[in-house]
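J.: The following block contains the structure, expressed as structure tokens.
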Amino acid sequence: MTNETWGQVREELIKRVGKNNYVTWIEPLKLSGLKNGVARFEVPTIFFGDWVQRNYADHIRTQLANAGAAVERVEFSVGQAAAESRPAAPKPAAAKPARTRAVADEELPGAPLDPRFTFDSFVVGKPNELAHAAARRVAEGGPVTFNPLFLYGGVGLGKTHLMHAIAHELQSRRPDLRVLYLSAEQFMYRFVQALRERQVMDFKELFRSVDVLMVDDVQFIAGKDSTQEEFFHTFNALVDQNKQIVISADRAPGEIKDLEERIKSRLQCGLVVDLHPTDYELRLGILQQKVDFYRSQYRGLVIAGGVLEFLAHRITTNVRVLEGALTRLFAFASLVGREITLDLTQDCLADILRSSDRKLSIEEIQRKVAEHYNIRLSDMIGPKRLRTIARPRQVAMYLAKQLTPRSLPEIGRRFGGRDHTTIMHGVRKIEELMTTDSQLADDLQLLRRLLQG
Ligand code: ADP
Ligand code: MG
Numbered sequence: 359m360t361n362e363t364w365g366q367v368r369e370e371l372i373k374r375v376g377k378n379n380y381v382t383w384i385e386p387l388k389l390s391g392l393k394n395g396v397a398r399f400e401v402p403t404i405f406f407g408d409w410v411q412r413n414y415a416d417h418i419r420t421q422l423a424n425a426g427a428a429v430e431r432v433e434f435s436v437g438q439a440a441a442e443s444r445p446a447a448p449k450p451a452a453a454k455p456a457r458t459r460a461v462a463d464e465e466l467p468g469a470p471l472d473p474r475f476t477f478d479s480f481v482v483g484k485p486n487e488l489a490h491a492a493a494r495r496v497a498e499g500g501p502v503t504f505n506p507l508f509l510y511g512g513v514g515l516g517k518t519h520l521m522h523a524i525a526h527e528l529q530s531r532r533p534d535l536r537v538l539y540l541s542a543e544q545f546m547y548r549f550v551q552a553l554r555e556r557q558v559m560d561f562k563e564l565f566r567s568v569d570v571l572m573v574d575d576v577q578f579i580a581g582k583d584s585t586q587e588e589f590f591h592t593f594n595a596l597v598d599q600n601k602q603i604v605i606s607a608d609r610a611p612g613e614i615k616d617l618e619e620r621i622k623s624r625l626q627c628g629l630v631v632d633l634h635p636t637d638y639e640l641r642l643g644i645l646q647q648k649v650d651f652y653r654s655q656y657r658g659l660v661i662a663g664g665v666l667e668f669l670a671h672r673i674t675t676n677v678r679v680l681e682g683a684l685t686r687l688f689a690f691a692s693l694v695g696r697e698i699t700l701d702l703t704q705d706c707l708a709d710i711l712r713s714s715d716r717k718l719s720i721e722e723i724q725r726k727v728a729e730h731y732n733i734r735l736s737d738m739i740g741p742k743r744l745r746t747i748a749r750p751r752q753v754a755m756y757l758a759k760q761l762t763p764r765s766l767p768e769i770g771r772r773f774g775g776r777d778h779t780t781i782m783h784g785v786r787k788i789e790e791l792m793t794t795d796s797q798l799a800d801d802l803q804l805l806r807r808l809l810q811g
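Start counting at 1 in the sequence shown, then tack on 358, and there's your number in my numbering.
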């Protein structure tokens, strides 16, 4: 691609993103190279890069493709000049040199690895500890103990992050291994291309020669018959040679529609682990890690107490949205040069906060809890003090406080007009019991999942 093409693309982008956004975010981009399907741009700051990546990368990629440039991905890194003029700041991760390919050997059609997706940057919590442990095991590069490792979970819960982390780790521990990471879509694309160019034998040889094969988002091949077939053979050939395979999908093997039975059962043969929806602690941990990282770049960053807790509490959809919110907040605060307070957060993120407002009602919580403990819904709001009724009622109070934005008095009203101190007492009681009563802790976890899932 020439700078001229980029010039045309910019014209097109003005129309797509509007003049203001264009001037602020696109114009300052400096095209620094295009290689292996990755278009690179220099940006003035790391905030800027993150922001553009999240908001405009897709537009840019699409327009580049429309202009005939073969671009699979766009990347932004802090320009050399900008980086040097910031004396004390360590080099940001996004400014690392070219991305390492998934494979040292250029013949292998691996997808680029995100340098930020490492084990170091992965925050481990209850919902993902098993997946993390399994990924670590595979990344040791020792003898294959389970095959495949099948990771599944909803969007933005860290599947791709873990897969890239495995690839990075293997590259440094076992540079002798041929590690291939790609998405199922790319697998399909390569296969179709090989068919068209009559190079199916080469394709087969290539895929059968790797030591570790990682295929991301395998649900994409469901229903695509010839690709499924080829995937199945590749898979079997590698398993027979005792080569490690790692697969991810958005759901369990048995639940992927239009996937052949024999493939489902092969996928279930190894270790199947799911990434559970995040919990509050994990979200807070991830936010804290991000903030620490940004702080190391920008000493001036000030965040008022309670802001991270607020975000962890309110944005429960997925980690990508959570990170996006934080990035926007930082970008905004740094542009206007203000401290990040709760007010600023609420203003700046109003749309995200609105859309991730759980529609969960207190009534729903009461109903689920009553069902679970086999008591009547009317007992939730009634006066009975019997332990077998009072305890579930407190569980419902606790969940209402945790899972809805309602205040204690509001919750009190919906529990038959109880005083807010009664609700507070109930919430505290459950918090206390939770730490010693594992049955109760399990109940809570289950209920929370039922309610949020
Ligand atoms: P998935 O592939 O499951 O849809 P990703 O791996 O792409 O999700 O994760 C989405 C974003 O959230 C990425 O930026 C990733 O780094 C981040 N993320 C997810 N889980 C974690 C975690 N446990 N610790 C740190 N970052 C995480
Ligand atoms: Mg993914």
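Note that beta-carbon positions come from the ideal geometry of N, C-alpha and C, so glycine has one too.
(1) Does DSSP put A425 in a helix, in a strand, or in coil?
(2) Select from N600, Q411, D583 and I418 the residue whose C-alpha is nearest the C-alpha of F504.
(3) When we look at the beta-carbon of N486 and count the other beta-carbons within 10 Å, is it buried (16 or more) or exposed?
(4) Mind reading off the beta-carbon distance from V481 to L640? Whole number of angstroms is fine, and I expect it under 8 Å.
(5) Can you find a heavy atom of ligand 1 that lies under 6 Å from the Cβ of Q682?
(6) Just list the beta strand (DSSP E) runs in the stretch 509-558, keeping only unbroken ones of 3 residues or longer that don't cross its boundaries, in chain order.
(7) Answer with buried or exposed for N732, where buried requires no fewer than 16 other C-beta atoms within 10 angstroms of its C-beta.
(8) If I measure Cβ to Cβ from K582 and keep anything under 7 Å in the same chain, skipping five residues before and after, which residues do I get?
(9) Would a C-beta distance cut-off of 7 Å place A469 and V432 closer than the cut-off?
(10) Going by the C-beta, is H519 closer than 6 Å to any heavy atom of ligand 1?
(11) Given a cut-off of 7 Å, decide if I788 and A758 are closer than it, judged by their beta-carbon atoms.
(12) Tell me the rounded alpha-carbon separation between A497 and L509.
(13) Which residues mark the beginning and the end of the beta strand (DSSP E) in which T388 is found?
(14) Work out the CA separation of Y638 and A670 for me, nearest whole Å.
(15) On the DSSP letters alone, give me the boundaries of the alpha helix (DSSP H) that F690 sits inside.
(16) Mind checking whether the beta-carbon of R678 lies closer than 6 Å to any heavy atom of ligand 1?
(17) Using C-beta distances below 7 Å, list every residue in its chain close to I720, excluding the 5 sequence neighbours before and after it, in chain order.
(18) Among all the DSSP beta bridges, which residues are the ones paired with D632?
(19) Say whether the stretch 677-689 touches the stretch 520-536, bearing in mind that this needs 3 or more beta-carbon pairs closer than 8 Å, one atom from each stretch.
(20) Is it the case that the CB of L515 approaches a heavy atom of ligand 1 more closely than 6 Å?
(21) Go to R772, then tell me how far its alpha helix (DSSP H) extends in each direction, as first and last residue.
(22) Tell whether a beta-carbon distance below 7 Å holds between T363 and A428.
(23) On the CB-based measure, 16 or more other CB atoms within 10 Å of its CB, does A446 come out buried or exposed?
(24) Classify R609 as buried or exposed, calling it buried when 16 or more other Cβ atoms lie within 10 Å of its own Cβ.
(25) Should F561 be listed as close to ligand 1, given that the test is whether its C-beta is under 6 Å from any heavy atom?
(26) With a cut-off of 7 Å, does the C-beta of E362 fall near any C-beta of chain C?
(27) What's the gap between the Cα of E385 and the Cα of F549?
(28) Which first and last residues belong to the alpha helix (DSSP H) in which R725 is found?
(29) Any idea if V558 is buried or exposed, counting beta-carbon neighbours within 10 angstroms, 16 or more meaning buried?
(30) Taking S567 as part of the beta strand (DSSP E), name the residues at either end of that continuous run.
(31) Between the C-alpha atoms of M792 and R743, what's the straight-line distance to the nearest angstrom?
(32) If you drop the 5 nearest sequence neighbours on each side, which residues of the same chain put their C-beta closer than 7 Å to that of R734?
(33) Buried or exposed for T779, please, with buried defined as at least 16 other CB atoms from any protein chain shown within 10 angstroms of its CB.
(34) Does the distance between the C-beta of V481 and the nearest non-hydrogen atom of ligand 1 fall short of 6 Å?
T.: Looking at the coordinates:
(1) Position 67 of the sequence shown holds residue 425. Coil at A425, not helix or strand.
(2) As a first step, residue 504 is located in the sequence shown; it is residue number 146 there, counting from the start. Closest option to F504, Cα to Cα, is N600.
(3) Along the sequence shown, read from residue 1 onward, the residue named residue 486 stands at position 128. Looking at its Cβ environment, which holds 16 or more other Cβ atoms inside 10 Å, N486 is buried.
(4) For the purposes of this step, residue 481 is taken as residue 123 along the sequence shown, with counting starting at 1. For the purposes of this step, residue 640 is taken as residue 282 along the sequence shown, with counting starting at 1. About 6 Å separates the two Cβ atoms, so the contact holds.
(5) Locating residue 682 in the sequence shown gives position 324, where the first residue counts as 1. Note that residue 682 is Gly in the sequence shown here, rather than Gln. G682: no, Cβ never under 6 Å from ligand 1.
(6) Runs of the beta strand (DSSP E) inside the stretch 509-558: 537-541.
(7) Here residue 732 refers to the residue found at position 374 when the sequence shown is read from its first residue. By the beta-carbon neighbour count (other beta carbons within 10 angstroms, threshold 16), N732 is exposed.
(8) Your numbering for residue 582 matches position 224 in the sequence shown. Cβ neighbours of K582 within its own chain (closer than 7 Å, five residues either side excluded): M546.
(9) As a first step, residue 469 is located in the sequence shown; it is residue number 111 there, counting from the start. As a first step, residue 432 is located in the sequence shown; it is residue number 74 there, counting from the start. Not a contact, by the Cβ cut-off of 7 Å.
(10) Here residue 519 refers to the residue found at position 161 of the sequence shown. Because some heavy atom of ligand 1 lies under 6 Å away, the Cβ of H519 counts as near it: yes.
(11) Position 400 of the sequence shown, counted from the start, is the residue given in the question as residue 758. Position 430 of the sequence shown, counted from the start, is the residue given in the question as residue 788. When the beta-carbon positions are compared, A758 and I788 stay at least 7 Å from each other.
(12) As a working note, residue 497 is residue 139 in the sequence shown. As a working note, residue 509 is residue 151 in the sequence shown. One Cα belongs to A497, the other to L509, and the distance between them is close to 14 Å.
(13) The count along the sequence shown starts at 1 and reaches residue 388 at position 30. One detail in the question is off: residue 388 reads as Lys in this sequence, not Thr. For K388, the enclosing beta strand (DSSP E) has its first and last residue at K388 to K393.
(14) For the purposes of this step, residue 670 is identified with residue 312 of the sequence shown, where counting begins at 1. For the purposes of this step, residue 638 is identified with residue 280 of the sequence shown, where counting begins at 1. Using only the alpha carbons, I get a separation of about 6 Å.
(15) One-based indexing of the sequence shown puts residue 690 at position 332. Per DSSP, F690 belongs to the alpha helix (DSSP H) from V677 to V694.
(16) Numbered from its first residue, the sequence shown carries residue 678 at position 320. For ligand 1, at least one heavy atom lies less than 6 Å from the Cβ of R678.
(17) Working through the sequence shown from its first residue, we reach residue 720 at position 362. So the list reads A758, T762, R764, I769 and R772, once near-sequence residues are dropped.
(18) Locating residue 632 in the sequence shown gives position 274, where the first residue counts as 1. BP columns for D632 point to Y510.
(19) No: fewer than three Cβ pairs fall under 8 Å.
(20) Residue numbering aside, residue 515 sits at position 157 when the sequence shown is read from its first letter. Indeed, a heavy atom of ligand 1 lies less than 6 Å from the Cβ.
(21) Position 414 of the sequence shown, counted from the start, is the residue given in the question as residue 772. Per DSSP, R772 belongs to the alpha helix (DSSP H) from L766 to R772.
(22) Along the sequence shown, one-based indexing puts residue 363 at 5. Along the sequence shown, one-based indexing puts residue 428 at 70. A428 sits away from T363, with the two beta carbons spaced by 7 Å or more.
(23) Locating residue 446 in the sequence shown gives position 88, counting from the first residue. At A446 the pLDDT is 36, less than 50, meaning the model places this residue with poor confidence; the figure from the coordinates comes in the next sentence. Note on A446: under 16 other CB atoms within 10 angstroms of its CB, so exposed under the neighbour-count rule.
(24) Here residue 609 refers to the residue found at position 251 of the sequence shown. Looking at its Cβ environment, which holds fewer than 16 other Cβ atoms inside 10 Å, R609 is exposed.
(25) Taking the sequence shown and counting its residues from 1, one reaches residue 561 at position 203. Flag unset: Cβ of F561 not near ligand 1.
(26) Of the protein chains in the structure, only one exists, and it is not chain C.
(27) To locate residue 385, count along the sequence shown from 1; it is residue 27. To locate residue 549, count along the sequence shown from 1; it is residue 191. E385 and F549 have their C-alpha atoms spaced approximately 38 Å apart.
(28) Within the sequence shown, numbered from 1, the residue matching residue 725 stands at position 367. Unbroken alpha helix (DSSP H) run through R725: I720 to Y731.
(29) As a working note, residue 558 is residue 200 in the sequence shown. Classification of V558: exposed, given that the 10 Å Cβ count is below 16.
(30) Position 209 of the sequence shown, counted from the start, is the residue given in the question as residue 567. Where S567 is concerned, there is no enclosing beta strand (DSSP E), given that its DSSP letter is neither H nor E.
(31) Taking the sequence shown and counting its residues from 1, one reaches residue 792 at position 434. Taking the sequence shown and counting its residues from 1, one reaches residue 743 at position 385. So the two alpha carbons sit approximately 20 Å from each other.
(32) In the sequence shown, residue 734 corresponds to position 376, counting from 1. Here the set comprises A728.
(33) Taking the first residue of the sequence shown as position 1, residue 779 is located at position 421. Classification of T779: exposed, given that the 10 Å Cβ count is below 16.
(34) By 1-based counting over the sequence shown, the position of residue 481 is 123. Ligand 1 has a heavy atom closer than 6 Å to the beta-carbon of V481.
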